[in-house]
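For reference, the structure discussed in these notes is given below.
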Amino acid sequence: MFRGEKMDITRLYKWATNKMTIVLNEITKLKDTTKNRIWAWLVGVEPVEMEESSEAGNVGKNEHHKKSTLKRSIQT
23 MFRGEKMDIT RLYKWATNKM TIVLNEITKL KDTTKNRIWA WLVGVEPVEM
73 EESSEAGNVG KNEHHKKSTL KRSIQT
């Protein structure tokens with residue numbers, strides 16, 4: 023699709039659907055944490071982090087650091 027090109031709605035829809043399919047396929051190849059950040063950015067919400075371990079010792083300072091880092095990365 024080129025700038026200034028006249029296009030009917032059907033061709034535009036097919037073009038946009040094709041481009042979105044390519045993007046979604048690339049997103050699915052990424053790591054889960056990156057996917058969560060991208061989906062959160064696309065829909066405009068903050069991602070929810072899943073606990074990687076069931077140990078209670080992992081919650082606390084490290085969890086807070088991960089969340090603040092994640093918030094900063096989304097805002098930029």
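Numbering (the working numbering), first residue to last: 23 to 98. No residue lacks a Cβ here, since even glycine has one placed at the ideal position from N, Cα and C.
Between K57 and I44, the CB-CB gap reaches or exceeds 8 Å. For M42, the uninterrupted alpha helix (DSSP H) run begins and ends at I31 to T50, by DSSP. Take the alpha-carbon of K53 and the one of L64: they are about 17 Å apart.
In this structure, the CA atom of K51 is about 21 Å from the CA atom of E68.
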